[in-house]
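Q:
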Amino acid sequence: MRAFPYSESRRMEQVTRQTEPVEVPVPLSEASQWPASQPNEMRPTFEEWLRRQETLLLSTDGVTVHQWLRDHGVPVEDGAEITPEIMWSRTRPGRYRDLLVDRRYARESETDGLPKGFDEWEEHEQVEHLRRLEDDERIAEELNPHQRPTFYVYYGDPMALPGAVRGLTCRMWRWEPEIPWKPVRDGEMTCHREVLARDILRRRILVTAIVTIVRVEEIGGLLSPRYVVRDAEPVEAARVLCAEATWRDDRDPA
Numbered sequence: 281m282r283a284f285p286y287s288e289s290r291r292m293e294q295v296t297r298q299t300e301p302v303e304v305p306v307p308l309s310e311a312s313q314w315p316a317s318q319p320n321e322m323r324p325t326f327e328e329w330l331r332r333q334e335t336l337l338l339s340t341d342g343v344t345v346h347q348w349l350r351d352h353g354v355p356v357e358d359g360a361e362i363t364p365e366i367m368w369s370r371t372r373p374g375r376y377r378d379l380l381v382d383r384r385y386a387r388e389s390e391t392d393g394l395p396k397g398f399d400e401w402e403e404h405e406q407v408e409h410l411r412r413l414e415d416d417e418r419i420a421e422e423l424n425p426h427q428r429p430t431f432y433v434y435y436g437d438p439m440a441l442p443g444a445v446r447g448l449t450c451r452m453w454r455w456e457p458e459i460p461w462k463p464v465r466d467g468e469m470t471c472h473r474e475v476l477a478r479d480i481l482r483r484r485i486l487v488t489a490i491v492t493i494v495r496v497e498e499i500g501g502l503l504s505p506r507y508v509v510r511d512a513e514p515v516e517a518a519r520v521l522c523a524e525a526t527w528r529d530d531r532d533p534a
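So this is what it looks like as structure tokens:
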């Protein structure tokens, strides 16, 4: 029987494209230039927030913070120092020893954000789940201290972006509706943006841009990751551009 031409054996060098690295200038930066090491200017410190609360309570209800806390079941004496732990204890259900885990449980309970059958889980599973939610939120805030606009990028197959974890800056792709009078969404996919293809029938475009992942969410299980990203800052994008220039194949368009 005659073999199909596609089944003939070939050496690996014949079916793979050889790419040689090109020497390009390596971008240099300092730790203070990276967003994750910069303070969150949009978020007040606890002391600033407490002063605002004191002013608001006195002007609207005519009570002090200590009186307000006692009205909410927190035993605190006048003149006692107000700490974050005391403020958080106002909403604590007292279910977990860990303060952060207990506070997260209270927040998720109020918004019905707990998974179905959560009460039937083992306690260590509950604690791990709640701590992961708390850590994800904290890390996402640290990766976006200036509160740049965030948006979603979906990938049905986790292997489409192997090694894509929070904090990583990389190039991503997505289909967007083609709107002639507004070619770019505000603060979305704008860092070194390129339009790669157009779907005329469905009026959409395939775009690529450099983004930084601030959170990885599981939708419908592990097979459908959803990435919460923001446009990369210049110091972050410089590393990706350097890698692309280093390993660019001269046979590809620049």
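Counting from 281, one number per residue, gives the positions in the sequence shown under this note's numbering.
By construction, the Cβ of each residue, glycine as well, lies at the ideal position given by its N, Cα and C atoms.
The structure displayed is predicted, hence computed values, not measured ones.
Could you tell me which residues DSSP puts in a beta bridge with W455?
A: Answer is L486, bridged to W455.
Q: Tell me the DSSP secondary structure of Y385 in three-state form.
A: Note: Y385 maps to helix in three-state DSSP.
Q: Tell me whether R495 sits in a helix, a strand or coil according to DSSP, three-state version.
A: In this structure, R495 counts as strand in the three-state DSSP scheme.
Q: To which residues of the same chain is F431 closer than 7 Å at the C-beta, ignoring the five residues directly before and after it?
A: For F431, where only same-chain residues beyond five positions count, the Cβ hits under 7 Å are E468 and V509.
Q: For C522, does the three-state DSSP call read helix, strand or coil?
A: Helix at C522.
Q: If you run the structure through DSSP and keep just helix, strand and coil, what is R418?
A: Here R418 sits in helix by DSSP.
Q: Tell me which same chain residues have a C-beta within less than 7 Å of the C-beta of R282, skipping the five on either side of it?
A: Annotation note: pLDDT 45 at R282 (below 50); position unreliable, no value reported.
Q: Just the C-alpha distance for V295 and Q427, rounded to the nearest angstrom, thanks.
A: Here the model assigns V295 a pLDDT of 48, short of 50, so the residue's position is not dependable and the matter cannot be decided.
Q: Between which two residues does the alpha helix (DSSP H) containing D358 stretch?
A: Per DSSP, D358 belongs to no alpha helix (DSSP H) and is neither H nor E.
Q: With R411 and V445 assumed to form a contact (beta carbons below 8 Å), what rounded beta-carbon distance in angstroms separates them?
A: Not really, about 18 Å apart at Cβ, beyond 8 Å.
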